[in-house]
Amino acid sequence: MSVLWSNVSASATRVMMDQMTTSSLPRPICYHESELEEEDPGYDRVLVQNIVGVVVPIFFGLIGILGLVGNSLVVIVVAANPGMRSTTNILIINLAIADLLFVLFCIPFTATDFVLPYWPFGNVWCKVVQYLIIVTACASVYTLVLMSLDRYLAVVHPIASMSVRTESHAFTAIWIVWIVILTSSIPALIIHGEYGEIRALNQSFPCALHSRDQSGSETETEALEIQTACRILPDANRPLFQVTFFLASYVVPLTLICGLYVCMLLRLWKGVRVSAESRRGRKRVTRLVLVVVGVFAICWCPIQVILVVKSLDMYPLSSGTIMLQIASHVLAYTNSCVNPILYAFLSDNFRKAFRKIIYCRSRQDQHNRLGPMTKTTRAASSGDIL
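Numbered according to full-length UniProt numbering, the sequence shown spans residues 1 to 386.
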């Protein structure tokens, strides 16, 4: 899958000999994959295969489980506690839903694509998966843009924005973001697909396939190489698409976020007259949003850069570069499960709510509002409660 990754195994030639059990089909009598291609001297095939076959599924499995459980808890916590309803927390729910969809439609198919030498799910599902991966990735980052905009309004225009920062407006903004992303990502359905090649190997692979004809005599046929992958199709402009994806899903949103936070810092530098309680609440929420954005930027930067470089055919093949790409993939996907951990560390109310669910307290306890409402009513009215 080539939008959020270019299959590591596909960086080297991936070969699958035709070994179907039908008696009329030839069987391979010898197979030396190292003879199929000229490899970089620094490329250790055994090491890479061990990493791809063992390490990647383990890491992706852990990320998938943590992401599924953690983001589900976030949705349940906010939905089940009226005292936690705010514009910020509504956006946090949307971010958790986007991460959940990313975990469901990215992790299992990425792991499969890494481990298997072919794409087993067909052309239609290849297009759908690639499309959903782009949609969920963009939904996550542009939810962070909305969260930063919410913080900007709360800090720079605390009074005037109270009529704007409402639940209904938050839901409207979320719907607009999803509609725009779903529409603008349609080209991914067109340029992606299952791509395969069947070639004779007799020139570079001096080995024959052994079979019997109808008379029972043995015949030799040439070896076949079958390569299939879910990727950007050859007719498409891969560099243009990858650079556009990099700009639209990383550079532009993070630039907007940085601009909003610069404006906030300038406003705070000049000084804003607010109560100490309100200042503490806004500072706490703003810090949480800033940390979430920073973690996103760090997690996604390496793989975004690598994919752009690979699309320009400037990424060398070696054990080191392949392991770097694997590590970058793991780091990027870790972002889909790390946000609930950040909420638990940086928000007292989230931490209390997580404990209630994890330790299965009494029903009366579960329906109690979090924290003394006399202290949070004012924050909730301005959307600052977490």
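The C-beta atom is built at its ideal place from N, Cα and C for all residues, glycine as well.
| Item | Value |
| --- | --- |
| Through-space distance from residue 158 to residue 325, alpha-carbon basis | 44 angstroms |
| Same chain only: Cβ atoms within 7 angstroms of residue 135, ignoring 5 sequence neighbours per side | 181, 182, 185 |
| Contact check, residue 448 vs residue 133, beta carbons under 7 angstroms | In the structure displayed, the chain extends from 1 to 386; residue 448 sits before or after that span and is not available. |
| N- and C-terminal bounds of the alpha helix (DSSP H) containing residue 387 | Residue coverage of the chain in this structure runs from 1 to 386, which leaves residue 387 outside it and unanswerable. |
| For residue 298 and residue 232, believed in contact at Cβ under 8 angstroms, the rounded distance | Between residue 298 and residue 232 the Cβ distance is about 26 angstroms, and since that is not below 8 angstroms, they are no contact. |
| Residue from 178, 246, 62 with nearest C-alpha to residue 139 | 178 |
| The segment 96-112 touching the segment 80-87, judged by at least three CB pairs closer than 8 angstroms | no |
| Member of 52, 113, 95 whose CA lies at the smallest distance from the CA of residue 336 | 95 |
| Cβ neighbours of residue 264 in the same chain (closer than 8 angstroms, five flanking residues each side left out) | 151, 152, 155, 156, 286 |
| Environment of residue 355 [buried if 16+ CB atoms lie within 10 Å] | exposed |
| Buried/exposed call for residue 283, threshold 16 Cβ in 10 Å | exposed |
| Rounded C-alpha distance that separates residue 137 from residue 73 | 20 angstroms |
| Beta-carbon separation (whole angstroms), residue 98 vs residue 57, contact threshold 8 angstroms | That belief does not hold up - the Cβ atoms of residue 98 and residue 57 are roughly 24 angstroms apart, past 8 angstroms. |
| Inter-residue Cα distance where the pair is residue 358 and residue 193 | 42 angstroms |
| Euclidean distance between Cα positions of residue 127 and residue 115 | 20 angstroms |
| Strand pairing of residue 344, partner residues [DSSP] | For residue 344, which the question treats as bridged, DSSP gives no partner whatsoever. |
| Nearest residue (CA-CA) to residue 345, options 288, 304, 125 | 288 |
| Contiguous alpha helix (DSSP H) assignments of at least 4 residues, all confined to the segment 221-257 | 238-246 |
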